[in-house]
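Asker: Please see the structure below; I have some questions.
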Amino acid sequence: MEEADHNDGPAATQYEILRDAGFKHLEHADEDDRRATQRLQQKTLARRSNRAGDLNSAADNGILESIECVNFMCHDRLHVELGPLLNFIVGENGSGKSAVLTAITLCLGGKASSTNRGGSLKNFIKEGKDQSRLIVKIKNQGYDAYQHDLYGDSIIIERHFTTRGGSGFFLKSETGNTISKKKAEVDDIVEYYCLQVDNPLNILSQDNARQFLNQASAKQKYKFFLQGVQLQQLDDDYRVLEEYLTSNEHKEGDLEVKLEVVQKKYDKAKRDYELYMQSEEMRQKCRLLSQKAIWAQVVEAERGVERNEKRIGDADAQVAEAQHVVMQKTQELQIIDDQLAQAQEALRAANGEKEDLQANVDKAQQESDNARKELQTLQTDERDARSRLTGEAKNVKEYEQKIRDEEKRLQDLNGGAHTQKIKQLEAAQAKIQDLDRDYNEANQRKPDIITKQEAATKEKEIVQKFVKQKQDEILTVQNRIKELERGQGSLYAGYEQQVPNLLKMIDNDAGFEQKPIGPIGAHVQVQQPIWSPILEKTFGETLNGFIVTSKRDQQRLRDMMKRLRITRCPIFISNTRPIDTSRSEPDDNFLTILRILNIENPLIRSQLIINYRIEQAILVQDKREAERIMLDGTTVPQNVASCFHLFREKGFGWGVRIVANANRISSSPVAPPRRDQKPRLRSDLVQEVSVQQEKLRHLQAELGDLRKQAMDQQRIVDQCQEELDVINKTLNRNRRTEIQLEINEIQGELDSFDGADGRLETLRGELKKAQESYDMYGDQYGSMGLRKQEQNRKVETMLGLLREEKKKMQEFEVRVKKAEDKVKRCTDSRSIQVLQKNEAHDKLQMAENEKKRLEGKRERLEETVREYTAHALKGCPERVHIGEGETYEVVVNQYESLRKTLKERERRRGTSDQEVIKQASETREEFNGLTEDVEQVRKDNKAMKQNLGDRLRRWRQFQRYISSCSRANFMYLLSERDFRGKLILDHEHHTLEVQVEPDRTRKNAAARNTKTLSGGEKSFSSICLLLAIWEAMGSPLRCLDEFDVFMDNVNRAISTEMLIHAARNSVGRQYILITPNAIEGRATLDKDVKIIRLTDPRQRRLADP
């Protein structure tokens, strides 16, 4: 029964020594068994705890769903539906149970010889039939199904074979569609699901089962073990790999020896070829020089043509540049002419205002002179009145002294009564004098207070006018903000009313050479709206203007404007070529007008650059920073012509322009546009709203200041009115009349003391007259003071009017002077421009003359090239390259020198050129081929050595762990019947021995060899061995034929229960167990157990399935 093979004895070959590695990996078998036992116990406890996921369940794929046999062995037609887990196929002897396992093996690509039922497929065809057909249906579900999109939930494999030896496969999808007919596809599916149909322990046939369970020796069991766990298959594959590696190493040595021989031959041929190539290169060089000598004259002539063409190209560029300069100077002259015409027109208009302004000055001068004369007359009358008043005051004092003297005399005559009356009279007269003094002072103060009140009233009215203006401005800004927020602002609101109609006429007119562009402001967007007021004022009427490209279009557009009565839209003629400002702009750190403008059309950009030099006008918000840039250094920054900064002290929209001219820097304020002027420059909506809101805040702050000024002036008016009320009360004469009546009464009483003597009365009468005269002159003097103040105010008013008119005249003269200066500048600029234009025309003419001369020379040079080329084509049809510096003379000299050297070498050479070339080529190819072969073999051998070492190391680990797992499982399965025993695996001597002690009362006795066991005990032990090996296998399919053939009923029942228990512990595995005996007990009722009963096919009726 024992068969000798390479595993029968100890390792003897180099491969086996390398594979086993001294069996060091098996030195710790006890520790490995202990760990395997611990894993098995943990697994058993987990299953007993009935945790989710530990119960057996059907696999999603890789298990057999059904088997169908047609004309196979003893069956006409056999169809078996299999359960996904545990299947028992039972039946009497001869019922064809074993045919099921044989059909599985053959249909899945197994060899006929592996079934032990026949040597070839035709032996399995039923007698009397010509062909047979096997059908196996494999479950193909789940996430890891095999090509599920192609096959579906099931894969159907059919195998057909005939008595003539023909055989074929059909792979079908779930729906029956044929997918493939290749056996390789069957092998791929079997390998994908690891079905292992040729594994003797995976599908254990009846003969193998009988031999394995009862008759196998230790070496045969070891052989079955190796084959079952696939160690034998891996070992065979690695042995073939090692043999191939050894063969390759021998091949490597042979190739290296051969390479040394070939290298010597190649080195000799290479030296000969190098000597040959030295001469060959010289011959090639000689032939090339001969061809170059032919074409060198052509190339020299062509180079002359190229140089001439380059000069013509340069001349074309000079002509184009000169034409551009002429056009530019013409346009600049046209711009200067327009500017001169505008300046002359402005000067004429200014001179037309001179007569009116002079008449206003003369009139104001006359009125001022008259007012001064009247004032002088009043001053003379005032001095006279003051002189008379002084005289009368002296008379009053003299009369008063005389009266006092007379009263004293009378008092001496009449006693104390008269004195008392005199005192009362003097007190009353003192009151009269106090009232007169207060009256005079009030008369003197009243004109000043009235003047102050009138000035405050006038100032208040002026401020109120400003308040009204500010309120209007605020309302305008608020409306502008609302328009912006609602998007209702008109693009052309800032222009003359007829401008939209003009644009419609331009669009509908087809007579323009090029449509005019305008108004300019509508095509320019300010990216920083805070500068919009300053730019609006700086650009002025230019924003209303239109741009054309010809004089004809200018006249046509001017006629349209006249028809629409548009007078404030200038027309500019511009050149279509854009202006390059890359070299004339200042440093990128400066913000220029050009850089904050988004200009839609290049013509507008060019016009603004020409008129205002916007590329060199920088913008700085802070005043100090602007003055630092323009004033602190010795020179202004490069390419900076002017600088604008905000004039916040003056108000919103104000700015200052600082200009650098010829070593002189000047500055001038830039006022914002008129309040009623709508914006013409476009700006970003959000930024424009922000700027308008800032402007609104400024205006509201200014309005608050103006209202405060108005309130201050009102307080002054009220204070003056209070003082006037007090003065008017002082000037009231009623109190003086009352005191005068009191004086008259006292005077009457004094008269009674005076008696008949009328001297005192006479003196008093004279005093009264003098007093009346004094009062009259005082009133005259006071009224003259009032008239003098009024006249002074009138003179001041007239002087103010005169100064205002003179100021207007001075401003007019300044404007005239500026206009005259501008006319002069334009005239000077025109003279310079005319000279520059004439100079440009001269340069254009010279460039055109030079171009004509070169074009005339071109024909002669080209004719020379044609002649030389025709001559060269006869000697050398294919043109050769002539390098720079290679002339005809140089090439000829090189050719002659090389010919002499070649003649000398030809005399010395003895070997044929063809033989040298052939030998060098053949030896090079042979040497390169062998070199590549040697390197590839070395590389392959190194990789295979490393790969084989890695695979053998994993093989030893697999051998170690599969052995410990099998030993542990075997002991565990024996314990199910209270047996003791062990599995002895001797990998060095290739034996597998089973030792079992069935008597549980002999716990300390050594285990016995299986030969001493009874038949049932021996069969039970073999079943435990088989299950232990199955537990280490990875195939989802386990088949066993007649496992209980030698068992008694007790062992059969225990073994069956053990198989069922082991099958349930192997989650997802499918078991097909064949027995001729009936299955009894609880297993027949379990859902995971399917019992399939077969009858003898000879006893079936035709109607049976």
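Under full-length UniProt numbering, the residue at position 643 of the sequence shown is numbered 643, and the numbers go up by one with no gaps.
Note that CB positions come from ideal geometry on N, CA and C, so glycine has one too.
Note that the structure is predicted; figures quoted are calculated from it, not measured.
1) Near Ala756, what residues of its chain come up, given a Cβ to Cβ distance below 8 Å and the 5 sequence neighbours on each side ignored?
2) Taking 8 Å as the limit between beta carbons, can you name the residues of its chain near Gly785, skipping five residues before and five after?
3) In its own chain, which residues sit with a C-beta less than 8 Å from the C-beta of Leu898, not counting the 5 before and 5 after it?
4) Can you tell which of Ala427, Lys843, Ala359 and Lys468 has the C-alpha that lies nearest to the C-alpha of Glu742?
5) Apart from the five residues just before and just after Ala840, which ones in its own chain have a Cβ nearer than 6 Å to its Cβ?
6) Taking Cβ positions, are Ile520 and Ile604 nearer each other than 7 Å?
7) Less than 7 Å separating the beta-carbons of Ala1028 and Phe970?
8) Looking at Ile579 and residue 1110, is the spacing between their C-beta atoms short of 7 Å?
9) Let me know if Thr549 comes out buried or exposed under the rule of 16 or more other beta-carbons within 10 Å of its beta-carbon.
10) Along the alpha helix (DSSP H) that carries Arg19, what are the first and last residues, could you check?
11) Can you find the residues in the same chain that come closer than 7 Å, C-beta to C-beta, to Leu948, ignoring five residues on each side of it along the sequence?
12) Which one or two residues does DSSP pair with Leu564 in a beta bridge?
13) Skipping 5 residues on each side, what residues in its chain have a beta carbon closer than 6 Å to that of Glu993?
14) Please state whether DSSP places Pro672 in a helix, a strand or coil.
15) Should Val186 and Ile1092 be called a contact, given that it needs their Cβ atoms to be closer than 7 Å?
16) Over the uninterrupted beta strand (DSSP E) stretch that includes Lys1087, give me the two end residues.
17) Take the Cβ of Met846 as the centre, count every other Cβ of all protein chains shown within 10 Å, and call the residue buried at 16 or more, exposed below.
18) What is the DSSP secondary structure of Cys194, counted as helix, strand or coil?
19) Measure the Cβ-Cβ separation of Phe23 and Met73 and say whether it is below 7 Å.
20) Can the beta-carbon of Gln959 be found less than 7 Å from the beta-carbon of Gly981?
21) Alpha carbon to alpha carbon, how far is Gln554 from Gln514?
22) Please list, in chain order, all residues of the same chain as Thr901 whose beta carbon is under 8 Å from its beta carbon, the five residues on each side excluded.
23) Output the distance between the C-alpha atoms of Ile157 and Glu127, rounded to the nearest integer angstrom.
24) Do the segment 719-729 and the segment 449-465 meet, that is, are 3 or more Cβ pairs less than 8 Å apart?
25) Does the segment 74-93 come close enough to the segment 1063-1071 to have 3 or more Cβ pairs within less than 8 Å?
26) Counting only runs of 4+ residues fully inside the segment 273-354, write out the alpha helix (DSSP H) ranges in chain order.
27) Specify the secondary structure class of Ser975 as computed by DSSP and reduced to three states.
28) Quick one: grab the DSSP three-state call for Ile125.
29) Along the chain, where does the beta strand (DSSP E) that runs through Asn61 open and close?
30) Under three-state DSSP, which class holds Ser582?
31) Looking only at its own chain, which residues have a Cβ that is under 6 Å from the Cβ of Lys137, when we skip the five neighbours before and after it?
32) According to DSSP, is Tyr495 helix, strand or coil?
33) Here's the rule: buried if 16 or more other CB atoms are within 10 angstroms of the residue's CB, otherwise exposed. What is Pro669?
34) Can you tell me whether Lys918 is buried or exposed, with buried defined as 16 or more other CB within 10 angstroms of its CB?
35) Thinking C-alpha only, which one of Leu101, Val659 and Met776 is nearest Asn116?
36) Quick check: the Cα distance between Asn928 and Val262, rounded to an integer number of angstroms?
Answerer: Taking the structure as given:
1) Only weak support exists for where Ala756 lies, its pLDDT of 41 falling under 50; the value from the coordinates is given anyway. Within the same chain, Ala756 has no close Cβ partners at all.
2) Glu382, Asn443, Gln444 and Pro447
3) A distance below 8 Å between beta-carbons, with the five flanking residues on each side excluded, links Leu898 to the following residues of its chain, in chain order: Met282, Lys285, Cys286 and Leu289.
4) Ala427
5) Val325, Val326 and Lys329
6) yes
7) yes
8) Here the chain comprises residues numbered 1 to 1105, so residue 1110 is not present and cannot be evaluated.
9) buried
10) Gln14 to Asp20
11) Tyr238, Leu241, Glu242 and Leu245
12) Paired residues: none, contrary to the question.
13) Ala218 and Ile984.
14) coil
15) The answer is no: Cβ separation not under 7 Å.
16) Run containing Lys1087: none; DSSP gives neither H nor E here.
17) Looking at its Cβ environment, which holds fewer than 16 other Cβ atoms inside 10 Å, Met846 is exposed.
18) Here Cys194 sits in coil by DSSP.
19) no
20) With contacts defined as CB atoms closer than 7 Å, Gln959 and Gly981 fail to qualify as a contacting pair.
21) Rounded to the nearest whole angstrom, the CA to CA distance from Gln554 to Gln514 is 11 Å.
22) If we look at Thr901 and ignore the five residues flanking it on each side, its Cβ neighbours are Met282.
23) 24 Å
24) yes
25) yes
26) none
27) helix
28) strand
29) Asn61 to Phe72
30) coil
31) Glu65, Ser66, Ser154 and Ile156
32) coil
33) exposed
34) Burial call: exposed.
35) The shortest C-alpha to C-alpha distance from Asn116 to any of Leu101, Val659 and Met776 is the one to Leu101.
36) 10 Å
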